Structure formats: structure tokens, C-alpha cells
Amino acid sequence: MLNLFRQAQMMKEKMGQFQKELESQSFTGTAGKGLVTVIVNGKHDVQKVIIDPKTADDIENLQELVIEAINDAGHQVNAKLKTEVAKMTGGLGLPGMF
């Protein structure tokens, strides 16, 4: 039982370290074949939005592209998190983790 507790504590420490690393990373989402680019950090905070001037004439399309690019970047953050958690847990598939 004590060994299990130690393993859980080590996993918690690794997860905290990974969380800090993830927050400092950037993830780039794109939409419309590069017409809109969004950069987010590991906390899903939008850091930068780049919009090709060609999209300025169609505001509705531009809005959709921005949403799509943000979602794309967010999915990349989630995929990275899921991959790293699976590595840390040895693929145990712990309930409530994803």
C-alpha cells in the first residue's frame, strides 16, 4: 500500500511538472488553408491571431475561420495532454482522465 502511495505521489509531481511545461508551449491552429492562424499556449489562452487580408470582405466566413483555428489549436493542446498522461500512467486509462 505504501508503494502505491509513493507511485501516486511521484505521478502527481510529474503531472505538475508537465503542466508547467505545457503552459509554456505554443500550439498553432489554422483554418481556411492558412487564411487564419491562431497561436495558443498550453492553458488554451489565445496568444496571437493572424488573418490574411483576403478574408476581410467576408466577415461571416472570417468569424467561422477564427473559431475553427482556435478549436484546432485547442485540440492540439488536448492531444498533447492526453498523450503525456497516457505515458505517465502507463496507459492505465484512469476513470475521469479523458
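Residue 1465 in the working numbering sits at position 73 of the sequence shown, and the numbers go up by one each step. Each residue gets a CB set at the ideal place from its N, CA and C atoms; glycine is no exception. The structure presented is a predicted model; accordingly, all values stated were derived computationally and were not measured.
Taking 7 Å as the cut-off, does the CB of LYS1474 come closer than this to any heavy atom belonging to the ligand HEM? Within the structure as shown, the ligand HEM is missing, as the structure has no ligands at all.
In three-state DSSP terms, what is GLY1421? In the structure shown, GLY1421 sits in a strand (DSSP, three-state: E or B).
Who are the near neighbours of ASP1444 in its chain, counting only those whose CB is closer than 6 Å to its CB and skipping five residues on each side? Cβ neighbours of ASP1444 beyond the five flanking positions: LEU1427.
Are LEU1414 and LYS1472 touching if we call contact CB-CB under 8 Å? A contact, by the Cβ cut-off of 8 Å.
So, are the CB atoms of ILE1431 and ALA1465 less than 8 Å apart? Taking 8 Å as the cut-off, the Cβ atoms of ILE1431 and ALA1465 count as close.
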